[in-house]
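Encoded as structure tokens, the structure appears first; notes follow it.
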Amino acid sequence: MERIDDLGVKNLKLIQDTDLFCFGTDAVLLSAFATVKPNAKVVDLCSGNGIIPVLLSGKTKAEKIIGVEIQKEPFLLAKRSAELNGICGRVDFINCDAKGIKEHLPSGYADTVTCNPPYMNGNWGFLSPSDKKALARHEITINIDDVAKISAYLLKCGGYFSMVHRAERLCDVICAMRKYKIEPKRIRFVHSYLQSAPKLFLIEGISGAKPALKVLKPLVIYGENGEYTDEVKRLYKGENC
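Each position in the sequence shown, counted from 1, maps to that position plus 1 in my numbering.
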């Protein structure tokens, strides 16, 4: 079932289908965390229904934002959302396997690459490649190493790579980033509640940079009353974290 959601940022809206994978708080956090400089060219991998490119179009002064999505249905929703918001041209989408991005974009194209990838690794038994939600949740067609390799190809030297992932995959992410010479520079752990262990982390690396990792203060999603914290409310309104 389709619906149109108001994103709360510059009157932007997103078309979603509840039969497919709908965006969550992690996408909002990543769009607030990523470094996107004025006139930057941005590529969003595993773009789904286009939530991150649409949000970045309102939050940044990027010159061009391209979302890459392997599944046809969410790709078409993303294209329609761009049309609905009047941002076609500045925001575009490519329907392809990200591992084949060389056929669409040149090396060193991007100033920033973002990715909210499938979180679950491959050790979950049989998962049908035709299961649309499984493709969004599980590493069926792309994994962490793939994401880092593709991002290294796309980034200019000194370009920014930003990702959100599950806390238990932190070692995998850092190892993959360093393998492809994307040096981790900022990390922020995301906690559901102040006293709980982190479930997610936001990480940013710079292509070709020297080692020096800054650990930021924790980001807490819910207060004691079960509502979003003031910071998260501000992030939903378009502020950066």
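Built from N, CA and C at the ideal position, the CB exists for glycine as well.
- Following the DSSP letters along the chain, one finds I52 in no beta strand (DSSP E) but inside the alpha helix (DSSP H) bounded by residues 52 to 60.
- With contacts defined as CB atoms closer than 8 Å, L57 and V148 fail to qualify as a contacting pair.
- For C158, the CB contacts under 7 Å within the same chain, skipping 5 residues up- and downstream, are S208, G209 in chain order.
- A residue is called buried when at least 16 other Cβ atoms come within 10 angstroms of its Cβ; A198 does not meet this threshold and is exposed.
- A direct Cα-to-Cα measurement between P219 and H192 gives close to 7 Å.
- For the 8 Å CB-CB criterion, E205 and S163 form a contact.
- Closest option to K60, judged by alpha-carbon separation, among K186, S32, S108, I175: S32.
- Within the segment 146 to 184, the complete alpha helix (DSSP H) segments at least 4 residues long are 171 to 180, listed from N- to C-terminus.
- When only Cα atoms are considered, K80 and D93 end up about 7 Å apart.
- Listed as beta-bridge partners of D18 by DSSP are E3.
- Taking one beta carbon from each stretch, the segment 14 to 31 and the segment 230 to 241 have 3 or more pairs nearer than 8 Å; the two touch.
- An exposed status is given to M2, since fewer than 16 other beta-carbon atoms sit within 10 Å of its beta-carbon.
- Annotation for N96: the continuous beta strand (DSSP E) segment containing it runs 92 to 96.
- In summary, N40 is exposed, with fewer than 16 beta-carbon neighbours lying within 10 Å of its beta-carbon over all protein chains present.
- Apart from the 5 residues on each side of it in sequence, L201 sits with its Cβ closer than 8 Å to the Cβ of D27, L30, V165, H166, R167, A168, F190, V191 in its chain, given in chain order.
- Contact annotation: the segment 7 to 24 touches the segment 80 to 90, with at least three C-beta pairs closer than 8 Å.
- Collapsing the DSSP output to three states places Y120 in coil.
- Counting along the chain, K65 sits inside the beta strand (DSSP E) bounded by residues 65 to 70.
- Here the alpha carbon of G109 sits roughly 21 Å from the alpha carbon of I71.
- Under a 10 Å Cβ-count criterion, P212 is classified as exposed, with fewer than 16 other Cβ atoms of the shown protein chains found around its own Cβ.
- Counted as a single uninterrupted DSSP element, the alpha helix (DSSP H) harbouring F76 occupies residues 73 to 86.
- Just so you know, the alpha carbons of K42 and T115 end up roughly 11 Å apart.
- Taking S48 as the centre and dropping the five residues before and after it, the same chain places the C-beta of P54, G68, V69, E70, A79, F94 closer than 7 Å to its C-beta, in chain order.
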